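Under this note's numbering, the letters of the sequence shown match residues -17 to 409, in that order.
We treat Cβ as the ideally placed atom computed from N, Cα and C, and that holds for glycine.
Nothing here was measured: the structure is a model prediction, and the numbers come from that model.
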Amino acid sequence: DSLMAFNKQAIATGQIQLNNNMFSPWLALIAVGVYTIFGGVQVVHGVLTLGSFLVNVKMFTTVGAKWGQIYMIMSQVQSCIPNLERITVLMNYRLDVPSRMQLSNFRRMTTQKMRFELRKKANVYQLPVDMLPVRIPVGNAHGGDVIDLVQGKLVYIVGPHGEGKSMLLRLISMVAFPADIDRDPPVFVPSHLRALHVPSEPLFFQGTLLDNLTLGIAPGDPDGNIDRILEICKRLGLPSSVLDLVTKEQVFIWSHALSQTQRQLLSLGRALIANPEFLCISKAMQLFDSFTTGKVLELLKDFVVSKGIEEDPERWHLRRPRTCIITANQRLSGKFADQVLHCSIGGGIRLIKKGKPDYQAYDALCRTESTGTVLSNIPTEVSTDSSPGGSRSLRSLYQREATPESGREMRLGQKKTKQKYYYFSGL
-17 DSLMAFNKQA IATGQIQLNN NMFSPWLALI AVGVYTIFGG VQVVHGVLTL
33 GSFLVNVKMF TTVGAKWGQI YMIMSQVQSC IPNLERITVL MNYRLDVPSR
83 MQLSNFRRMT TQKMRFELRK KANVYQLPVD MLPVRIPVGN AHGGDVIDLV
133 QGKLVYIVGP HGEGKSMLLR LISMVAFPAD IDRDPPVFVP SHLRALHVPS
183 EPLFFQGTLL DNLTLGIAPG DPDGNIDRIL EICKRLGLPS SVLDLVTKEQ
233 VFIWSHALSQ TQRQLLSLGR ALIANPEFLC ISKAMQLFDS FTTGKVLELL
283 KDFVVSKGIE EDPERWHLRR PRTCIITANQ RLSGKFADQV LHCSIGGGIR
333 LIKKGKPDYQ AYDALCRTES TGTVLSNIPT EVSTDSSPGG SRSLRSLYQR
383 EATPESGREM RLGQKKTKQK YYYFSGL
């Protein structure tokens, strides 16, 4: 019914447009007919010469045709007005260029300051920038409490669905940032690092699959070598049919030609091919089964350890560290993670360090009963680099104590704990 109604309205609109386009020629034809009657009488009585009569008829015909063209041009201009209005609105939106410039200056100044402090502390002048951490503020002002993520590590950000993991990742990857850096402290990423954010929804433009996979890679760059690209795709578990498309010049609508899992794997492959120093992946494993998830996590761990995938091992010491941060709302294998951040509205942002008690806490945080929702209760044994504070950019962060007797309990295995818990208001 909706399709029939749409077709009916489309036919009616087409008829109206055709009638409007022919209005001027019809009006000119009526004018010529009327003038032919009265002008012919004048020619018969000798009042008007035949030449003048024919010139006037030609003039009416020409004017009618020109008015028809003018009307068609005006109709085309009118049809473009909504698009012009949208373009005008978009062009007058507030730009983020000043904020990005401010963030870039902040990164450079903070990098220089941190290098100076580390040199002074280590009493050496030559200090590698690999020692500079990624710093997440949890205080309400510059110089407040922070959480440091070490370069060259695989980091998980876990927590309940819809409680700030993706926003935190966008802040870390500098896709999002505070509007006023002087007031709200941003996440600090060393200025020499190339950060790449991989969204949860893979996007492909119209072009060959190879063009999509090498997006952003300069021609002649070793990272864009076809053998390296194919090897990365193989290690991701892509089938031979997809590998054949990489080597061909065929162009498809990739959202239709590839399955959702294949597009997600190719999106991860594109990020690994680009070989950034700082890789942030949003919900990387949400579409994969346990086997594919394990294979992808193993490859991301290799990316961190080997400082890139399918790179020259003899030049390992010359390459910068590779850091990978991924978000997940399902349980991931803890053996691959070097650091784990837990993010929730009730628990805030907490850093879980590596160690036996921390693995137990991580298992408790990621334990699910049926829906895969991550628990937000965090025991006090979980070590953290932060203390309670407040923040506008990450929203207010406060601390209060609670006990299982107050109605919030968590079970580690089958044993009920009677520890104290901390709850934070986070992202």
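Assuming residue i is part of the alpha helix (DSSP H), what are its boundary residues?
i, result
"Arg68", "Leu32 to Met73"
"Phe(-12)", "Ser(-16) to Asn3"
"Leu131", "Looking at the DSSP string, Leu131 is not in any alpha helix (DSSP H); the run it does join, the beta strand (DSSP E), is Val128 to Leu131."
"Arg152", "Lys147 to Ile154"
Just to confirm before moving on: does the CB-CB distance between residue i and residue j stay below 8 Å?
i, j, result
"Lys265", "Ala319", "no"
"Arg313", "His324", "no"
"Leu85", "Pro168", "yes"
"Val39", "Thr70", "no"
"Ile291", "Cys262", "no"
"Val180", "Ala253", "yes"
"Ala256", "Gly198", "yes"
"Thr243", "Phe270", "yes"
"Pro115", "Val140", "no"
"Leu191", "Glu259", "no"
"Phe88", "Ile163", "yes"
"Val14", "Thr44", "no"
"Gln24", "Leu30", "yes"
If distances are taken between C-alpha atoms only, which option among the options comes closest to residue i?
i, options, result
"Arg302", "Val111, Asp193 and Phe186", "Val111"
"Arg82", "Thr70, Gly134 and Phe159", "Phe159"
"Asn1", "Gly50, Leu36 and His299", "Gly50"
"Val120", "Phe170, Pro201, Arg90 and Met41", "Phe170"
"Glu231", "Ile129, Asn194, Thr93 and Asp205", "Asn194"
"Trp9", "Gly46, Leu279, Tyr75 and Phe35", "As written in the sequence, residue 9 is Leu, which differs from the Trp given in the question. Ranking the options by Cα distance to Leu9, first place goes to Gly46."
"Ser315", "Thr305, Arg304, Gly330 and Thr275", "Thr275"
"Ile214", "Leu282, Ile55, Gly21 and His27", "Leu282"
"Val322", "Lys147, Lys277, Thr92 and Ser182", "Lys147"
"Arg117", "Pro142, Arg101 and Leu150", "Leu150"
"Met96", "Asp130, Met156, Glu145 and Val37", "Asp130"
"Ile327", "Arg297, Ser6 and His143", "His143"
"Thr196", "Gln268, Gly251 and Met(-14)", "Gly251"
For the beta strand (DSSP E) containing residue i, list its first residue and its last residue.
i, result
"Ser326", "Gln321 to Ser326"
"Gly330", "Gly330 to Ile334"
"Phe285", "Not the beta strand (DSSP E): Phe285 falls in the alpha helix (DSSP H), residues Ser272 to Val287."
"Ile139", "Leu136 to Val140"
"Ile118", "Val116 to Pro119"
"Leu300", "No beta strand (DSSP E) holds Leu300; DSSP gives it neither H nor E."
"Ile263", "Phe260 to Ile263"
Comparing the C-beta of residue i with each C-beta of chain B, is any distance below 8 Å?
i, result
"Gln268", "Among the protein chains of the structure shown there is no chain B, as only one such chain exists."
Quick one: which unbroken alpha helix (DSSP H) runs of 4-plus residues sit fully inside the region 169 to 244? Chain order, please. DSSP runs (the alpha helix (DSSP H)) wholly in the region 169 to 244: 191 to 195, 208 to 217, 222 to 229 and 236 to 239.
Does the pairing of the region 215 to 231 with the region 171 to 187 give three or more beta-carbon distances under 8 Å? no
Three or more beta-carbon pairs under 8 Å between the region 134 to 145 and the region 271 to 287, yes or no? yes
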